[in-house]
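Structure first, then comments.
In full-length UniProt numbering, the protein residues as written are 1 to 270.
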């Protein structure tokens with residue numbers, strides 16, 4: 001089967017997954033409500049405490065890119081849960097009986113979840129505007145910031161695709177993903193400046209790829225640190241956050257695209 005046919009099959013699978021969201025709107029509602037809740041809670045509950053001089057306005061500017069990064073990474077878990085559910089219900093076996101590319105199932109799944117993340121980013125961006133967040137750079141820089149967020153989330157989707165093919169149920173995918181992703185998104189610069197973290201955690205956070213994608217988005221949106229006197233980052237990763245994000249995404253894709261496809265063949269030939 002040619003690469004063009006495989007892409008065409010993947011687009012059909014992506015369309016099927018997007019139609020599923022339309023028919024089960026609860027999926028989209030809960031996906032968008034969580035980031036809105038995080039924006040409002042962090043902006044108003046913690047914002048005043050962290051940035052007291054201006055009632056938290058500077059912190060809200062700083063916060064939104066971190067919420068973006070956390071949400072798109074957590075959104076990638078939908079890939080694993082959706083695939084685990086399809087395996088459990090026998091839908092993957094039905095796909096295998098059709099004259100279609102095997103890789104199309106995973107490609108279509110990850111592609112549809114990128115579209116879902118676009119919708120979530122739009123909702124979160126509008127919420128951010130309501131609480132005072134603003135983009136102060138050019139349109140091109142802002143679009144590049146969103147593109148880096150989506151690229152990193154797409155790479156994580158392939159990790160979750162591998163997990164979804166590996167574990168037996170969607171519940172296990174969600175629990176396992178939460179245990180790993182939750183600390184990664186918090187031991188980073190997503191919600192607080194790195195200068196506030198103790199030494200060992202700060203060293204880890206400086207090389208955490210989520211810190212890099214968050215900082216890259218902040219710089220491209222023009223959102224500064226709420227503490228202007230904070231020392232600048234010294235690690236290579238945070239001195240070159242855009243490049244570090246792209247390198248991580250490339251490595252993850254190079255490892256987990258073939259690994260997920262291999263696990264897909266194993267999971268559906270048991």
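The beta-carbon is built from N, C-alpha and C at its ideal position, and this holds for glycine as well.
Supposed contact pair residue j and residue i - C-beta distance, whole angstroms, cut 8 angstroms
i, j, result
"residue 254", "residue 161", "Going by Cβ atoms, the distance from residue 254 to residue 161 rounds to 14 angstroms, so no, they are not a contact pair."
"residue 155", "residue 252", "4 angstroms"
"residue 164", "residue 84", "4 angstroms"
"residue 233", "residue 239", "6 angstroms"
"residue 117", "residue 150", "6 angstroms"
"residue 42", "residue 191", "6 angstroms"
"residue 106", "residue 264", "6 angstroms"
"residue 172", "residue 77", "With a Cβ gap of about 12 angstroms, residue 172 and residue 77 do not count as contacting."
"residue 71", "residue 139", "Going by Cβ atoms, the distance from residue 71 to residue 139 rounds to 22 angstroms, so no, they are not a contact pair."
Span separating the alpha-carbon of residue i from that of residue j
i, j, result
"residue 90", "residue 79", "17 angstroms"
"residue 127", "residue 204", "30 angstroms"
"residue 243", "residue 4", "30 angstroms"
"residue 248", "residue 40", "30 angstroms"
"residue 226", "residue 81", "37 angstroms"
"residue 179", "residue 75", "15 angstroms"
"residue 198", "residue 241", "21 angstroms"
"residue 257", "residue 152", "14 angstroms"
"residue 245", "residue 87", "32 angstroms"
"residue 11", "residue 216", "30 angstroms"
"residue 141", "residue 211", "18 angstroms"
"residue 8", "residue 94", "18 angstroms"
"residue 193", "residue 206", "11 angstroms"
"residue 34", "residue 262", "33 angstroms"
"residue 122", "residue 29", "13 angstroms"
"residue 195", "residue 201", "10 angstroms"
"residue 38", "residue 214", "16 angstroms"
"residue 58", "residue 44", "12 angstroms"
"residue 159", "residue 228", "37 angstroms"
"residue 96", "residue 125", "39 angstroms"
"residue 237", "residue 250", "15 angstroms"
"residue 60", "residue 175", "30 angstroms"
"residue 270", "residue 235", "Confidence is the limiting factor: at residue 270 the pLDDT is only 46, short of 50, which leaves the residue's position unreliable, though a coordinate-based value still follows. If I take the Cα positions, the gap works out to 46 angstroms."
"residue 166", "residue 266", "9 angstroms"
"residue 108", "residue 100", "12 angstroms"
"residue 170", "residue 157", "15 angstroms"
"residue 177", "residue 20", "22 angstroms"
"residue 208", "residue 31", "24 angstroms"
"residue 137", "residue 36", "24 angstroms"
Flag this pair as touching only if the segment 110 to 125 and the segment 9 to 18 have three or more C-beta atom pairs under 8 angstroms; answer yes or no.
yes
Can at least three beta-carbon pairs, one atom from the segment 177 to 186 and one from the segment 128 to 146, be found at a separation below 8 angstroms?
no
Flag this pair as touching only if the segment 117 to 132 and the segment 59 to 67 have three or more C-beta atom pairs under 8 angstroms; answer yes or no.
yes
If we require 4 or more residues per run, which alpha helix (DSSP H) segments fall completely within the segment 89 to 137?
91 to 96, 103 to 131
With a floor of 4 residues, list each alpha helix (DSSP H) that falls wholly inside the segment 193 to 258, ordered by position along the chain.
199 to 207, 209 to 221, 236 to 239
Can you confirm whether the segment 164 to 184 touches the segment 219 to 239 when touching is taken to mean that 3 or more C-beta pairs between the two stretches lie within less than 8 angstroms?
no
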